[in-house]
Amino acid sequence: MTTEARPQLPADWDLTKVIPGEVVDAAPADADEPEDDIAPGVIEVRPYRRPVLYQAGGAAMVVASVTGRMLGLSARGTWMAAGWFGHGLKSSCVLGYRYARAHDLQEVLGGMSNSGHWNKVEIVRRKRWWTLGWTAGATAALNLAGWWALVKFGGLTALDWSWTVTPAFTGLVAGTLLTLYGRYRLNSPSIAPEQIIADPDNPDSDEPFPLAMCQSPGQVEECVSRALAHKGIGTRSVQVLGYRGWGWELDVVLNASKPAAVSAVLDDLDALFDIPQGGTMFETDPQRAAHLTMRLVQSDPFADMARPSIHAPHSLSVHDNIVMGRAMDGSTFELTLDGFCALIIGAMGAGKTLGALRTVAEALTACIDAVCWDLDPLKGGLDEFGDLMELRARDPKACEEALERALKFVTARSKVMARLKMGDRWKASAKHPHLYIFIDEFLQLSPRGKERAIQLLRTGRQYGIYLIFAGQEATEDALGDAIAGIVPFRIGMACRFEDIRLLFGPGKGAVGWRPDRLEPAVGEIVNDAGQSFIMGGGFNRAIRHRFNGFTRDQILEAVPARIKAGANRLDADTLLEAGEGLTAGSQRRSLTEQLAEFARETMKEDAITLHQLLKLFDDKGADWLPTAVIVEFGVAADGGELQGLLDSLVANAVSRRDYAGDRRVRGWDREIVEQAASVLIAPS
């Protein structure tokens, strides 16, 4: 079929029904070829045309898609920018609040534990508010100056919208900075809420980094491992045991190292961890030499320790478990004061007197079976306890005499114990109390006084006489090498490193017993005052303890009630056996009761006579009575009978005094009668 020929159309064709184009006739076939059966037709070439509706729809879709994408991108960008701005604003508010409230200073001070801390923080707060006020004023002044410049040099009208230009620019700058800062914080997950800028760290590095950067237990383990490795101490494992409020507690197993190596670099570890001085502590495991518990103290473990309450009079016994304070693990620490004999070493400001001694004395003066003496050759001792102390001495000579007197009681009580069948140890009771002797600043005792104290320390415990002595340092000339082994309880407060060997024993500093790393109080700054390491009894862990912080006012308020209830005094048996007279009413009542019981059991006439005579002394309220008064009340038939009885028990029984206007009247001292009664009860 071809289109080269252009034949004429038939005349009878309706051209309106014919599609314009080429009319093609079939080529005539050869005679030998079959006729082509393709019918003639018209071929028309039409170019491709896109439908108008299709074209309109495509353009609309393109516009819609591009516009939607732009709107989506704009909304997403706005949302992200708003998120950055919000996070930056929130973080800035937190930082601003901490700055204005001086939280950073409070953390450095270790909490608000006294009025001095509050004063320091108040001063810093006031200064910072002044700084913020001046900054706000300077910003307002700059905006005002900018407005003036726009009006003066920019040709703007003063009272139209021109005044909004500088505040708007300032707000735009502030918003931009907050947005950028928020983006920075969101992209730095290691930054803490109170930090301004995150410190970069390479996780593949072995360089130590501060503990404050750690945001998870795993990071704390890495921090400790790097710090120990930096100081040449290998570890097999480092595992966090938990966060304790004051800091972190970890379980560490050393590798080819000893705990002594850790002890030697504790000061360096404080700097590597960037924690308070003395904050790195460790405790060894007696069953595993390479195993230790490490504690990283970032704040005061006792900042939330409540003020203790005063005990009621006679509400305690030395046989009770009495709460004395708190350990750094949060548990209370208790003492049984029966047999409590202690050596306390601490520098000036460590809290020996106001912390340890005051706490123990408060408990003992509330016990019904304890008598206290207060000896201080240099200062005021425990003056706040007043007459609750049976004896007080304030110079070396008086202290020496008191210690010699206590040594006499040791001999006397050995006989009383045998008579009362107490057994091997003095058994404390209300009638036969223990004697506790507080000696503050024992280094200031005279040489003879120190000798008597050591002798009493060696012999008095069996007979219920205990020393609780404190000093600023442990020296060999004052204590001797063997003293630490004699004293049952040893308490180390902030002291020198040299004191550790004599106080706790050789080598204890290398296994975590480091009271030398505690900081004493300086002025109004408490530091670690009142905190201590305690060894003895059930205390065998190298952790911090803090004694109850009784105030002087609390003690002064409690003294009158305790005196009204009856201040404890030594038993009559001990005093009479030591050859001393009875001065306290309780002592005299005790002897009178014993004599009455002895008279009932034995029905001896002499015991009945002496008992009636003691009752007459009580009724008259006198320490000396003439013979005439005694005969008048029927105690004895005449003076010769009474003299014969007393002379058989006590030498030089009779005495003469001026009485009722008469001179040199013959009579009898109560002290002589008491001695006679004691001899009658216990002839030994």
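The working numbering numbers the first residue of the sequence shown as 239 and each following residue consecutively.
Here a beta-carbon is modelled for each residue, glycine too, at the ideal position from N, C-alpha and C.
First and last residue of the uninterrupted beta strand (DSSP E) at residue i
{"i": "GLN477", "result": "472 to 481"}
{"i": "TRP924", "result": "This structure does not reach residue 924, given that the chain is present from 239 up to 922, and the question cannot be answered."}
{"i": "GLY485", "result": "485 to 493"}
{"i": "VAL535", "result": "526 to 535"}
{"i": "GLU639", "result": "Element bounds for GLU639: not the beta strand (DSSP E) but the alpha helix (DSSP H), 634 to 658."}
{"i": "ILE583", "result": "580 to 583"}
{"i": "LEU424", "result": "No beta strand (DSSP E) holds LEU424; the alpha helix (DSSP H) holding it covers 403 to 424."}
Buried/exposed call for residue i, threshold 16 Cβ in 10 Å
{"i": "PHE391", "result": "exposed"}
{"i": "ARG663", "result": "exposed"}
{"i": "PRO446", "result": "buried"}
{"i": "TYR419", "result": "buried"}
{"i": "TYR704", "result": "buried"}
{"i": "GLU835", "result": "exposed"}
{"i": "MET308", "result": "exposed"}
{"i": "ASN778", "result": "exposed"}
{"i": "MET655", "result": "buried"}
{"i": "PRO753", "result": "buried"}
Separation of residue j from residue i, as counted between CA atoms
{"i": "ARG336", "j": "THR417", "result": "21 Å"}
{"i": "TRP751", "j": "MET627", "result": "34 Å"}
{"i": "MET566", "j": "ARG784", "result": "8 Å"}
{"i": "GLY472", "j": "LEU488", "result": "15 Å"}
{"i": "ALA320", "j": "TRP368", "result": "32 Å"}
{"i": "GLU521", "j": "VAL749", "result": "7 Å"}
{"i": "GLY905", "j": "ASP856", "result": "16 Å"}
{"i": "GLY730", "j": "PRO539", "result": "17 Å"}
{"i": "LEU616", "j": "GLN433", "result": "50 Å"}
{"i": "GLU795", "j": "LEU595", "result": "18 Å"}
{"i": "ALA374", "j": "GLY393", "result": "28 Å"}
{"i": "PRO233", "j": "GLU459", "result": "Residue 233 lies beyond the range of the chain shown here (239 to 922); nothing can be said about it."}
{"i": "TRP484", "j": "GLU762", "result": "22 Å"}
{"i": "LYS590", "j": "VAL648", "result": "28 Å"}
{"i": "THR847", "j": "MET841", "result": "11 Å"}
{"i": "THR219", "j": "PHE323", "result": "Not covered by the structure: residue 219. The range shown for the chain is 239 to 922."}
{"i": "ASP568", "j": "ALA732", "result": "Looking at the sequence provided, one finds Gly at residue 568 rather than Asp. Rounded to whole angstroms, GLY568 to ALA732 spans 21 Å at the Cα level."}
{"i": "GLY480", "j": "GLY709", "result": "37 Å"}
{"i": "GLN693", "j": "GLY593", "result": "27 Å"}
{"i": "PHE623", "j": "VAL797", "result": "6 Å"}
{"i": "LEU530", "j": "ASP766", "result": "24 Å"}
{"i": "VAL362", "j": "GLY516", "result": "26 Å"}
{"i": "GLY787", "j": "VAL598", "result": "11 Å"}
{"i": "ASP625", "j": "ALA845", "result": "34 Å"}
Min CB distance residue i to chain D below 8 Å
{"i": "SER684", "result": "No chain D appears in the structure shown, which is made up of a single protein chain."}
Reduced DSSP category for residue i - H, G, I as helix; E, B as strand; rest coil
{"i": "ASP766", "result": "coil"}
{"i": "ILE724", "result": "helix"}
{"i": "THR570", "result": "strand"}
{"i": "ALA712", "result": "coil"}
{"i": "THR305", "result": "helix"}
{"i": "MET215", "result": "One cannot answer for residue 215 here, as it falls past the ends of the chain, which runs 239 to 922."}
{"i": "MET543", "result": "coil"}
{"i": "MET451", "result": "helix"}
{"i": "ALA631", "result": "strand"}
{"i": "ILE706", "result": "strand"}
{"i": "ASP857", "result": "helix"}
{"i": "ASP614", "result": "coil"}
{"i": "ASP678", "result": "strand"}
Which residues DSSP lists as bridging residue i, in chain order
{"i": "TYR701", "result": "Paired residue(s): none; TYR701 is not in a bridge."}
{"i": "ALA565", "result": "HIS783"}
{"i": "VAL609", "result": "LEU673"}
{"i": "VAL462", "result": "Answer is none; VAL462 lacks a bridge partner."}
{"i": "LEU554", "result": "CYS605"}
{"i": "GLU521", "result": "THR531"}
{"i": "ASN559", "result": "THR574"}
{"i": "GLY730", "result": "ILE583 and PHE771"}
{"i": "ASP907", "result": "TRP862"}
{"i": "PHE777", "result": "GLY774"}
{"i": "VAL760", "result": "ILE763"}
First and last residue of the uninterrupted alpha helix (DSSP H) at residue i
{"i": "ILE361", "result": "353 to 391"}
{"i": "PHE742", "result": "737 to 742"}
{"i": "ASP505", "result": "504 to 511"}
{"i": "ARG800", "result": "790 to 803"}
{"i": "ALA599", "result": "596 to 602"}
{"i": "ALA810", "result": "810 to 815"}
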